[in-house]
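The sequence shown: position 17 = 18 (my numbering), numbered continuously. Some notes on the structure that comes next.
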Amino acid sequence: MSNELKQHLRKRIEDWGQSFAKDLKAIPEEHLGASPSGIARAPIDFTYEVAVVNRRIANRIGGGENPPWPFEGWVTAPEEFRDRDKALAELDESVQAVVAALDAFPAEKLSEEVETPNGPYTVAGLADMVGTHMAYHDGQLNYLQSLYGDNNIHWQD
Numbered sequence: 002m003s004n005e006l007k008q009h010l011r012k013r014i015e016d017w018g019q020s021f022a023k024d025l026k027a028i029p030e031e032h033l034g035a036s037p038s039g040i041a042r043a044p045i046d047f048t049y050e051v052a053v054v055n056r057r058i059a060n061r062i063g064g065g066e067n068p069p070w071p072f073e074g075w076v077t078a079p080e081e082f083r084d085r086d087k088a089l090a091e092l093d094e095s096v097q098a099v100v101a102a103l104d105a106f107p108a109e110k111l112s113e114e115v116e117t118p119n120g121p122y123t124v125a126g127l128a129d130m131v132g133t134h135m136a137y138h139d140g141q142l143n144y145l146q147s148l149y150g151d152n153n154i155h156w157q158d
């Protein structure tokens with residue numbers, strides 16, 4: 002069963018990474034860094050957060066320790082990240098980092114607990130969180146697309 006779970010988690014992570022990337026590509030350039038209300042997060046900011054969280058989870062699955070969370074409040078992308086091609090590359094690299102860490106982790110140990118700042122998680126739970134976190138923020142991308150008049154379902158393309 003553990004090999005099936007590992008493959009399920011791997012596919013889920015890859016699928017949500019691809020869906021997120023498709024929706025990010027559909028956001029017009031002028032909206033990537035824009036907030037429709039002046040308060041709502043911009044797509045580029047939560048894309049940056051997804052890449053950071055993915056890398057931190059990949060590091061924990063691989064047995065590494067992460068430094069303390071470096072942000073207060075909402076995560077904001079640094080200037081060098083505020084470019085569609087850079088964001089897409091970072092997103093893909095972060096997804097591949099999680100997949101590689103999961104691939105290297107023994108399937109029979111997926112139920113082992115790992116300490117995180119939010120308490121203990123199983124390794125399978127951390128891997129599952131990657132997909133859930135990307136799905137959550139992909140929903141935000143979809144909502145922002147609709148606010149700007151785009152009601153297409155790009156992740157299905």
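Ideal Cβ placement from N, Cα and C applies to all residues, glycine included.
Going by Cα to Cα distance, which pick from the options is closest to residue i?
i	options	result
D104	N60, I45 and T48	N60
H48	F106, G120 and T77	Rather than His, the amino acid found at residue 48 in this sequence is Thr. Nearest of F106, G120 and T77 to T48, Cα basis: T77.
Q8	A22, D46, F72 and F106	F106
E80	F21, G65, D46 and G74	D46
I14	A136, W70, H32 and A41	A136
P37	N153, E50 and Q146	Q146
A52	L6, A88 and E109	A88
E30	N67, T117 and D86	D86
N152	L6, D24 and V115	D24
G63	Q97, K26, E50 and H32	Q97
E160	E73, E5, E66 and D16	For the chain, the structure presents residues 2 to 158; residue 160 sits outside this window and is missing.
F82	A108, E50 and E73	E50
D139	K26, K12 and F21	F21
Could you have a look at residue i and say whether DSSP puts it in helix, strand or coil?
i	result
Y149	coil
T77	coil
P121	strand
E94	helix
E50	helix
P71	coil
P44	helix
I62	helix
A22	helix
A35	coil
D129	helix
I14	helix
D158	coil
D84	coil
Would residue i and residue j qualify as a contact pair, given that the criterion is a beta-carbon distance under 8 Å?
i	j	result
V54	H134	yes
G34	L92	no
E113	V131	no
L10	A128	yes
L111	I28	no
S95	R42	no
V162	I40	Residue coverage of the chain in this structure runs from 2 to 158, which leaves residue 162 outside it and unanswerable.
P121	W70	no
Who pairs with residue i in a beta bridge, going by DSSP?
i	result
V115	Y122
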